[in-house]
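Below: one structure, written as C-alpha cells.
Residue numbers (our numbering), protein chains in the order written: chain A, 8 to 183; chain B, -5 to 444.
What follows is the structure, encoded as C-alpha cells:
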C-alpha cells in the first residue's frame, strides 16, 4: 500500500478496476462522519473511535460495494451501525464509571452552548439516528430507510416522534 | 440545522493523527489507534460537569424543581445535588423502591414494604389504604403482587403508561398509613334457612331515596333496581361476624334480594353467594352451581352520619336471578368476608426516577411484522400481520431457559393492541443482557452476539 492509503480492492468483477483511495475517502467525508458520530455518541473520543472503525469496515468491504447507493449513504450506514453497536456493547457504561467528576481540570466548554447537540443525544436510540441522518446528513427518508433497513413509514413515524420530543426539550432553555 | 451544527462543531475535524492511524490500521501497522476510551474524553466530560456545577450548584440546591433539568444533561451531577431517596423507614416499617423503568410504552415501579422488626405487621393482605400519593409526572395504579413471609415483606407494583419524557424525571411516592392483619373469613356456609326466614311481605324503595355509591349490573337485570326497605331484619352471619348483618331479604320485581348493613370501617367487604344444594343433580365433586347475581351499594341517612375520614358505613344489596320461592329452596347462603385489621399511621416518602429501559430493536428478518421491540418490560410489535390470537413470541435466555407466550401466564401479564402496536407486558422485568435469542411465530428473529 502506498503512503497515502491507496489500496487495491479485492472483490468482484464489477470492481476489478475500482480502487479505494482511503485517504481521499477520509478527506472527503471524514469531518462529516466524525461530527455525525459525535452527535450520536456525544463524546469526541468515542466518535473518533467510531470513525476509525467505520473506515476500517469501508476498507474491508469495499469489494462488496456495488454502487447501488451513493458512496456517502453507504459510509453513513456503516458509521451509524458502528455507533449503534458501540452503544449496545456498553462502552458508555465504561465512560460513565465513577471518578470522572473528581478530576479538577478547569476547561472552557469547547462548543459554546451545546443545548441542541445535547438534546439530540438525549433522544432515544432509534430516534437519534433518523434525526441525525435527516437533518445533519440531509438524507431523504428513502435513503434513511435503506440505511437502517426499515420501512419509509417507520422512518416518518420516528421523525415525527423525534420532532415532538425535541420540541419539548428545546422549549425554554435554562439559559434564557 | 446542518449549517448550525457544522458551525457549532467546526473545530471538530479529523486530525492528521487520526487520519494516519486509520490508514495504518488498515495496513495493520503497530501504531494503530487503541480503540478504548482514554483519559482525554473523561477530562472533557468531567470538565463540562464541573463547569456546570460551579454555575448551577446553588441554584439547583435551592430550587428542587431544577433537579430534573440538571438531570437532563448530567445524571451524576443531579445525584450529587439532590440524591434520590429510594428507601424510607418509619415505625420499623421500611419502604424501598426496587426497580423503576420506562420503555416509552409502559412504565413500572416495583417496591416493597417490610416489617423490619418482624412483628407480623406486614402480611399478605397488607393494604396501603389509598393513603398513598405520587408526586411527579408518573401516574399509575398500585397492586400488591406477592409476599415473602420469611422476611415479612410485601411486594407491590406501580404501573402506568410509559412515555419518553418520563425517563429520568423525579417522582415522589408517599404513604401515610397501612393496614395489616385483616381478618378473612374464607367461604363458609351461613346455615341460614332462606325459605324459612325471608321476608314474605318485603316492601321495596327506590334507590333514589338513598345515596347510591356504586354497584354492578347483570344480563338478567338492569342497574338501578329498587331495593328492599332498609333495616327491617337483623340476622347474624355468624358468631364471630359482628361487622355486617342481614337487614332484609325478599323478592323485588321478580328477583331475590338480600340486604346487608356494614358498620363503619375503612374497607370491610365481602360476598354473599347462593350456591346450589349438594343434593341437586349436577352438583358433584364439590362444584356447585352459583346463582347469577350483582350488588348495589348505598348509604342511608344513618350511614352518612357515621361516615368520617377513612371510615365508611354502608348498605350493600345483593340481587339474584332467582324468581320464585320454589327455586330458592334449591340454594344455600354462603359468605366470604374480609374485616379491617390494624391501621398503622406513619410517614414514608421515597423518591425515584424511571430509568430508560434497554431495548432490542429488530427490523430485519421479520416475516410477519414491520418491527419488533423487546424491552426489559415487554415486547411491542408494529405492523403485525400474523394471527394476533395465536401470536407466538418467545425468549431464550443464556442459561437455556425458554419463556414462551403461548404459556400465557408464564411470560406476560397482559397483551393488547393500541395504535397498531401489538404488545405484551412481561410478568416480571427481564434482563436483556441475559437474552440469547428472540422467536416470533416460530422463527428466530434475533440472536445475541456471543
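Just so it is clear, CB atoms sit at the ideal spot from N, CA and C, and this is done for glycine as well.
| query | result |
| --- | --- |
| Every unbroken alpha helix (DSSP H) inside the stretch 334 to 406 of chain B [4 residues or more] | 402 to 405 |
| Cutoff 8 Å: residue 96(B) Cβ touching any chain A Cβ | no |
| Nearest neighbour of residue 188(B), chosen from 182(B), 264(B) and 243(B) [CA to CA] | 243(B) |
| Classification of residue 323(B) by the beta-carbon crowding that lies within 10 angstroms, buried from 16 upward | exposed |
| For residue 53(A), the nearest candidate out of 83(A), 41(A) and 139(A) (CA to CA) | 41(A) |
| Within chain A, partners of residue -5(B) - CB distance below 8 Å | 123, 142 and 143 |
| Extent of the continuous alpha helix (DSSP H) run through residue 301(B) | Per DSSP, residue 301(B) belongs to no alpha helix (DSSP H) and is neither H nor E. |
| Cβ shell of residue 159(A) (< 7 Å), same chain only, five flanking positions each side left out | 148, 149 and 152 |
| Neighbouring residues, chain B, relative to residue 131(A) (Cβ below 9 Å) | 98, 158, 161, 350 and 353 |
| Within the stretch 78 to 123 of chain B, ranges of the beta strand (DSSP E) (whole runs, at least 3 residues) | 81 to 84, 87 to 96 and 100 to 109 |
| Limits of the alpha helix (DSSP H) - the one that residue 319(B) falls within | 319 to 322 |
| Near-chain A residues of the stretch 361 to 387 of chain B - C-beta to any C-beta below 9 Å | 364, 365, 367, 376 and 377 |
| Residue-level contact to chain B via CB, residue 149(A), 8 Å cutoff | no |
| Alpha carbon of residue 429(B) to alpha carbon of residue 182(B), nearest angstrom | 47 Å |
| Under 9 Å from the C-beta of residue 8(B): neighbouring residues of chain A | 33, 34, 37, 38, 40, 41, 55 and 58 |
| CB of residue 123(B) within 8 Å of CB of residue 306(B), strictly | no |
| Assigned exposure category for residue 208(B) - 16 Cβ within 10 Å defines buried | exposed |
| Chain B residues whose Cβ lies nearer than 8 Å to that of residue 30(A) | 13 and 17 |
| Where residue 30(A) falls, given that 16 or more other Cβ within 10 Å makes a residue buried | buried |
| Rounded separation between residue 84(A) and residue 162(A) - CA only | 14 Å |
| Min CB distance residue 62(A) to chain B below 8 Å | yes |
| Per DSSP, cross-strand counterpart(s) of residue 129(B) | 166(B) |
| Where residue 249(B) falls: helix, strand or coil (DSSP) | strand |
| Which listed residue (27(A), 35(A) and 59(A)) has its alpha carbon closest to that of residue 15(B) | 59(A) |
| Under 9 Å (Cβ pairs) to chain B, residues found in the stretch 153 to 168 of chain A | 155, 156, 157, 158, 160, 161, 164 and 168 |
| Residue range of the unbroken alpha helix (DSSP H) whose run includes residue 150(A) | 148 to 155 |
| Touch test, the stretch 105 to 114 of chain B against the stretch 78 to 90 of chain B, Cβ-Cβ under 8 Å, three pairs minimum | yes |
| Paired residues, beta bridge with residue 265(B) - DSSP | 330(B) |
| Residue-chain proximity (residue 93(B), chain A), Cβ-Cβ < 8 Å | no |
| Proximal chain B residues relative to residue 175(A), where beta-carbon distance stays under 7 Å | 159 |
| Nearest-angstrom Cα separation, counted from residue 27(A) out to residue 68(A) | 10 Å |
| Close Cβ partners of residue 93(B) (< 8 Å) along its chain, the five nearest in sequence each way excluded | 102, 103, 104 and 423 |
| Per-residue DSSP class, three states only, for residue 289(B) | strand |
| Backbone CA spacing between residue 100(B) and residue 378(B) [nearest angstrom] | 19 Å |
| Alpha helix (DSSP H) segment containing residue 148(B), residue limits | Not the alpha helix (DSSP H): residue 148(B) falls in the beta strand (DSSP E), residues 147 to 155. |
| Three or more C-beta pairs below 8 Å linking the stretch 286 to 299 of chain B and the stretch 307 to 326 of chain B | yes |
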